[in-house]
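To keep things clear, I will list the structure first and then write my remarks on it.
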Amino acid sequence: MMRRGALTTYFLPRDLHPLAWWTWTLGLAVAASRTTNPWLLLTILAVVCHVVVARRSDAPWALAFRVYLYLGAVIVLLRVAFRLVFGGAEGATIILRLPEIPLPAWAAGIRLFGAVSAESLLGGFYDGLRLATMVICLGAGNALANPKRLLKAMPPALYEIGTAVTVALSVFPQLAESVLRVRRARKLRGGGGGGRVRAVRTIIIPVLEDALDRSLQLAASMDARGYGRAGTVQARARFVTGLLMIVGLIGVCVGIYATLDGSTPRFLAAPVLFSGLAVALVGFRFAGRRVHRTRYRPDRWHLAELVVAASGVAVAVALFATSSVDPTNLNPSLTNLSWPLLSWPPLCGVLLGVLPAFLSPPPGTPFTAADGVPEPAAEKVPA
Amino acid sequence: MIELDHVTFWYHGHAEPVLADVTLSVGEGELVLLTGRTGAGKSTLLGTLNGLVPHFTGGHLEGTVSVGGVTTRSRPPREFAHLVGMVGQDPLAGFVTDTVEEELAYGMEQLGLPPQVMRRRVEETLDLLGIADLRRRALRTLSGGQQQRVAIGSVLTMHPRVLVLDEPTSALDPTAAEDVLATLARLVQDLGTTVLLAEHRMERVIPFADRMLYVPGDGTVVDGAPPDVLRDVPIVPPIVALGRLAGWEPLPMSVRDARRRAEPLRAGLRAAPARPAPTGDGPPLLTSAGVVVRYGPVVAVRGVDLDLHGGKVLAMMGRNGSGKSSLLWALQGTGPRQGGTVRAEGTDPRELPAAKARKIVGLVPQTASDLLYLESVADECTAADLESGAEPGFCRNLLDRIAPGVEPDRHPRDLSEGQRLALVLAVQLSAAPRVVLLDEPTRGLDYPAKAALARVIATLAAEGRAVVVATHDVEFVAAVADRVVVMAEGEIVSDGPTAEVLGGSPAFAPQVTKILGADWLTVDDVRAALPEAVR
């Protein structure tokens, strides 16, 4: 009885912490970056699509996932087309002989058309598929977690940046609205004489004046509502915080680069990455401590978030582990053509990524729909 | 609660102070109504209360302003967030977040309140303002009245001791304005919040107001109980004008007060004025039939037939989103129209190029300033003459007739609302259209500016033009219109002479009608019907 109750609570519809979904998608993207095996890449794609379809909400950003799919297809096609246009004769199996266009001497090293080999086309396809998979993984992150809520989940030290980005994003629909309104109004004045430059000017000036007016009003409103009430800090403390953050972030950048690029010395990978992360976190903590601000209904990190994040990390770890054991299956040979082979360990590793489709709670109600709350009692008064 | 001690304020570069040696104090739980002409310094006075004036606007402030014992001299506006809640005219411009719930919590996040307290206060405020069913809605999708209530809620969650509102209902239809004002009245009654309110539609607020401040524009402030202040000020609602005319003492502040004293006046009046027929004798200047406007799945205008007659003024009423603007734009020919016919001067204005269409039907849109894009009034007039093919100086002449004394080298943005509207009207009239459509021209106008606009409209009609005014302002309609059309959900729900349509509906009846009965629309009607001796 007890256990059933806990299960019910676990699967109550709610929006997961956005970081959980982003950890999961980044895990899959990292895994995709480690392999060119088309079977594995297609499995990753299938896993991502399945989870997105199972766990996305009806919000507009979630519906943009299909755009990322199209983008992926375009990437693959472009990669293959490039091999056709700029010559792909590496390899023995020539399958197409196009007439080569002679280029002048200063363009030496570039070939236009000519013979095309199956190996180079296949190489282009593998490469494109890998890039497309990584892009689609990012699209999945976008579809599963509201990008704006990710901004809200930023550490307190970055709050100002988060607010600035939120406000900036809300400006674009407003600008588009103003342009439409002013263009319509211009027609009422008969379109006016003069050329195109004048016509643009007659639209841009009212729109910009409008935008400036609005931003001044917004600034006044934010000021009146206490934005930037944070206490003051000494210059010394601020310097230490800044230094910690910058050193930490450099460490993180170097660490990520080394991790993804197999040829850099190993001591630059995990050790630098984690120590950089640690330094940056200390910096954030220092910066956040002076902020007297709180969060309304912050996203909490529960068991379901752990499951989702862990499954993404597991996929990445599985591909790292198998690449050190048996790298040939992950990057199929291009010198002698054969069907790429697939071994069990990486396949099982990738399949771990599908767990969130079953083990995470479904998304909460879309935020445009009314809540169906009954009429409020008129007598209620704040304490 | 609020203390102003010898406060004087100048904006930089202005010779005259906006506020000159103002001293006043407002106690706890008072509702204070602030009135005065546009540009007289109402917003400046309100802005001093949390330090936005002068910390944000610039300028020079002398004297002390203190709220709850804290002076604005020592702290920036953000340190007043928990003391003074500010609500502006345009709620959408002040929203920081995307959804109702987040917007309500924003101020509390800045104050650093614990999450449980925030959660509780958000729920309480949602209930208090009756917006609980909107909590997850995106702010941009709300109606004007809902947005304004969210804006009030977003400062109430901080539990401010003083609530300051600068013309909170200027952009709302009568029902939405009623909602917002009723909410305010309840806050004062239930919570004892001190409220300072600047408002053009005084008639709705006067019954609740404990005190009234009048800013004449010379820097001083007249302070007193509403009946005392209203006895002498030049801008008054119709109910007070009627009270003055009838010599009632003290002046009535609500329709109920006035009705109880109106019996002798009613008995002494001669017959109600004869009203001209709502449609002219000649053929209509513009005919339309079955007009349909839709935006995707939303039907804005649903098969409307409307004829406009020369020499007549038609008022178009109805709540926000009932299709008034869409219909006007469709009649002018610039807006979309999916079905139906429009004929004016033998053609369909939509078929003509924009420059020709405006010579037949002229439209002044809701945000009139969208039409202005040059640096000075003189440049705008010259451009208008060119665009309309009129002789040089024609537009300027029109402007001088509508609003005399607008300096030619002023920037259009620096003009008052009334002057800017006059300029846009002159620009549009320079094309000499026979049909003139005005979309919400009374927005942001004070009583004298509205009276001036009413005179202009009467002149236009006298010249034989057909005039359409879309507006929420019942008193304005009573003064100018011959015929009223009420729209709802894209259809015309009633159409008839002004006295019939307005008098027959409690929601649209002007104050004089509520007091004296359906035959009487304006104070001028009553004045004309008074026996000679009293007049």
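Note that the protein sequences, when read in sequence, are chains A and R. The first sequence begins at 1 in full-length UniProt numbering and counts up one residue at a time. The second sequence begins at 1 in full-length UniProt numbering and counts up one residue at a time. C-beta atoms are modelled at their ideal positions from N, C-alpha and C, and glycine is treated no differently.
| query | Just how far apart, CA to CA, sit A/PRO104 and A/LEU131? | reply | Stepping through the first sequence from its first residue, residue 104 of chain A is reached at position 104. Stepping through the first sequence from its first residue, residue 131 of chain A is reached at position 131. Roughly 33 Å separates the two Cα atoms.
| query | Can you check whether the CB of R/ASP98 is closer than 9 Å to the CB of A/THR166? | reply | Here residue 166 of chain A refers to the residue found at position 166 when the first sequence is read from its first residue. Here residue 98 of chain R refers to the residue found at position 98 when the second sequence is read from its first residue. It is a contact, given that the beta carbons lie within the stated cut-off.
| query | Under a CB-based cut-off of 9 Å, is R/ASP409 close to chain A? | reply | Position 409 of the second sequence, counted from the first residue, corresponds to residue 409 of chain R. Under the 9 Å criterion on CB atoms, R/ASP409 is classed as non-interfacial with respect to chain A.
| task | Could you tell me how far apart the beta carbons of A/VAL179 and A/ILE203 are, in whole angstroms, since I believe they sit closer than 8 Å? | result | Mapped onto the first sequence, residue 179 of chain A falls at position 179. Mapped onto the first sequence, residue 203 of chain A falls at position 203. Correct: roughly 7 Å between the Cβ atoms.
| message | Any contact between the stretch 328-343 of chain A and the stretch 31-50 of chain A? By contact I mean 3 or more CB pairs, one from each, below 8 Å. | response | Proximity of the stretch 328-343 of chain A to the stretch 31-50 of chain A meets the contact definition, three or more beta-carbon pairs being nearer than 8 Å.
| said: For R/ALA284 and R/LEU163, what's the separation of their Cα atoms in angstroms? | reply: Within the second sequence, the letter at position 284 stands for residue 284 of chain R. Within the second sequence, the letter at position 163 stands for residue 163 of chain R. The sequence given here places Pro at residue 284 of chain R; Ala does not occur at that position. Cα to Cα, R/PRO284 sits roughly 51 Å from R/LEU163.
| query | I think R/GLY107 touches R/ALA81, with their Cβ atoms under 8 Å apart; what is that distance to the nearest whole Å? | reply | Reading the second sequence from its first residue, position 107 is the one you call residue 107 of chain R. Reading the second sequence from its first residue, position 81 is the one you call residue 81 of chain R. The Cβ separation is near 6 Å, so the contact holds.
| field | Uninterrupted beta strand (DSSP E) stretches inside the stretch 220-248 of chain R (no shorter than 3 residues) | value | 222-224
| Excluding sequence positions up to five away, which residues of its chain have a Cβ less than 6 Å from the Cβ of R/SER325? | Within the second sequence, numbered from 1, the residue matching residue 325 of chain R stands at position 325. Correct list, in chain order: ASP439.
| message | Between R/SER326 and the ligand NAP, is there a pair consisting of the residue's CB and a ligand heavy atom that are separated by less than 8 Å? | response | With respect to small molecules bound, the structure shown includes none, and the ligand NAP cannot be examined in it.
| Residues sharing a beta bridge with R/LEU497, DSSP | The residue you call residue 497 of chain R lines up with position 497 of the second sequence. A quick correction: the sequence has Pro, not Leu, at residue 497 of chain R. BP columns for R/PRO497 point to R/ARG483.
| request: Would you mind stating whether R/ARG337 and R/VAL292 have Cβ atoms separated by less than 9 Å? | output: Here residue 337 of chain R corresponds to residue number 337 of the second sequence, with the count starting at 1. Here residue 292 of chain R corresponds to residue number 292 of the second sequence, with the count starting at 1. Yes, these two residues count as a Cβ contact at 9 Å.
| said: For A/LEU169, count the other beta carbons within 10 Å of its own beta carbon; 16 or more makes it buried, fewer makes it exposed. Which is it? | reply: In the first sequence, the residue the question calls residue 169 of chain A occupies position 169. Exposed.
| Under a CB-based cut-off of 9 Å, is A/MET154 close to chain R? | Start at 1 with the first residue of the first sequence, and residue 154 of chain A comes out as number 154. Closer than 9 Å: no.
| message | Starting from R/TYR214, trace the alpha helix (DSSP H) in both directions and tell me its first and last residue. | response | For the purposes of this step, residue 214 of chain R is taken as residue 214 along the second sequence, with counting starting at 1. No alpha helix (DSSP H) contains R/TYR214, which is instead part of the beta strand (DSSP E) from 211-215.
| Buried versus exposed call for R/VAL523 [16 or more other C-beta atoms within 10 Å across all chains shown] | By 1-based counting over the second sequence, the position of residue 523 of chain R is 523. Classification for R/VAL523: buried.
| task | List the residues that DSSP assigns as beta-bridge partners of A/SER360. | result | Position 360 of the first sequence, counting from 1, holds the residue named residue 360 of chain A. A/SER360 is not bridged to any residue.
| query | Would a C-beta distance cut-off of 9 Å place residue 572 of chain R and R/VAL221 closer than the cut-off? | reply | One cannot answer for residue 572 of chain R here, as it falls past the ends of chain R, which runs 1 to 535.
| request: Using 10 angstroms around the beta-carbon of A/SER324, count the other beta-carbons present and answer buried if the total reaches 16, otherwise exposed. | output: Along the first sequence, one-based indexing puts residue 324 of chain A at 324. Looking at its Cβ environment, which holds fewer than 16 other Cβ atoms inside 10 Å, A/SER324 is exposed.
| task | Could you say if the stretch 510-517 of chain R and the stretch 354-363 of chain R meet the contact criterion of at least three C-beta pairs nearer than 8 Å? | result | No, because fewer than three Cβ pairs between the stretch 510-517 of chain R and the stretch 354-363 of chain R fall closer than 8 Å, the two stretches do not touch.
| request: Please list the partners that R/MET1 has in chain A, where partner means a Cβ-to-Cβ separation under 8 Å. | output: Walking along the second sequence from the start, residue 1 of chain R turns up at place 1. Within 8 Å Cβ-Cβ: nothing; R/MET1 doesn't reach chain A, min ~18 Å.
| message | I need the boundaries of the beta strand (DSSP E) containing R/SER25, first residue and last residue. | response | Reading the second sequence from its first residue, position 25 is the one you call residue 25 of chain R. Here the beta strand (DSSP E) through R/SER25 covers 19-26.
| Expressed to the nearest angstrom, what Euclidean distance is found between the alpha-carbon atoms of A/TRP21 and A/MET134? | The sequence position of residue 21 of chain A within the first sequence is 21, counting from 1. The sequence position of residue 134 of chain A within the first sequence is 134, counting from 1. If I take the Cα positions, the gap works out to 15 Å.
| Which class does A/GLY190 belong to by DSSP, given the choice of helix, strand or coil? | Along the first sequence, read from residue 1 onward, the residue named residue 190 of chain A stands at position 190. A/GLY190 falls in the coil class under three-state DSSP.
| request: Compare the beta carbon distance of R/LEU331 and R/LEU530 with 9 Å and say whether it is the shorter of the two. | output: Working through the second sequence from its first residue, we reach residue 331 of chain R at position 331. Working through the second sequence from its first residue, we reach residue 530 of chain R at position 530. Cβ atoms of R/LEU331 and R/LEU530: not closer than 9 Å.
| Does the beta carbon of R/ARG231 sit closer than 9 Å to a beta carbon anywhere in chain A? | Along the second sequence, one-based indexing puts residue 231 of chain R at 231. No, because no Cβ of chain A sits closer than 9 Å to the Cβ of R/ARG231.
| said: With a threshold of 9 Å between beta carbons, is R/SER376 in contact with chain A? | reply: Locating residue 376 of chain R in the second sequence gives position 376, where the first residue counts as 1. No, its Cβ sits nowhere closer than 9 Å to a Cβ of chain A.
| Of all the options A/GLY349, A/PHE284 and A/ALA270, which has the alpha carbon lying nearest to the alpha carbon of A/THR322? | Looking up residue 322 of chain A in the first sequence gives position 322. The shortest Cα separation from A/THR322 among A/GLY349, A/PHE284 and A/ALA270 belongs to A/GLY349.
| task | Classify R/MET1 as helix, strand or coil using the three-state DSSP reduction. | result | Translated into positions along the second sequence, residue 1 of chain R becomes position 1. Coil at R/MET1, not helix or strand.
| field | Length of the line joining the Cα atoms of R/ARG204 and R/LEU33 | value | Stepping through the second sequence from its first residue, residue 204 of chain R is reached at position 204. Stepping through the second sequence from its first residue, residue 33 of chain R is reached at position 33. Whole-angstrom Cα-Cα distance: 11 Å.
| Looking at the unbroken alpha helix (DSSP H) that takes in A/SER120, where does it start and where does it end? | In the first sequence, counting from the first residue as 1, residue 120 of chain A sits at position 120. Looking at the DSSP string, the run of the alpha helix (DSSP H) that includes A/SER120 is 118-144.
| task | Count the other CB atoms, across all protein chains shown, that sit within 10 Å of the CB of A/PRO99; report buried if there are 16 or more and exposed otherwise. | result | Along the first sequence, one-based indexing puts residue 99 of chain A at 99. The residue in question, A/PRO99, is exposed, as its Cβ has fewer than 16 Cβ neighbours within 10 Å.
| message | Is R/ARG413 close to chain A? Criterion is C-beta to C-beta, closer than 9 Å. | response | Within the second sequence, residue 413 of chain R is the residue found at index 413, counting from 1. R/ARG413 belongs to the set of residues whose beta carbon lies under 9 Å from a beta carbon in chain A.
| task | Note down the Cα distance separating R/GLY464 from A/VAL207, rounded to an integer number of angstroms. | result | As a first step, residue 464 of chain R is located in the second sequence; it is residue number 464 there, counting from the start. As a first step, residue 207 of chain A is located in the first sequence; it is residue number 207 there, counting from the start. Using only the alpha carbons, I get a separation of about 36 Å.
| request: Please list, in chain order, all residues of the same chain as R/LEU181 whose beta carbon is under 7 Å from its beta carbon, the five residues on each side excluded. | output: Here the question's residue 181 of chain R lines up with position 181 in the second sequence. For R/LEU181, where only same-chain residues beyond five positions count, the Cβ hits under 7 Å are THR169, ARG204 and VAL205.
| What separation, rounded to the nearest whole angstrom, lies between the Cα atoms of R/GLN110 and A/TRP61? | Position 110 of the second sequence, counted from the first residue, corresponds to residue 110 of chain R. Position 61 of the first sequence, counted from the first residue, corresponds to residue 61 of chain A. Cα to Cα, R/GLN110 sits roughly 28 Å from A/TRP61.
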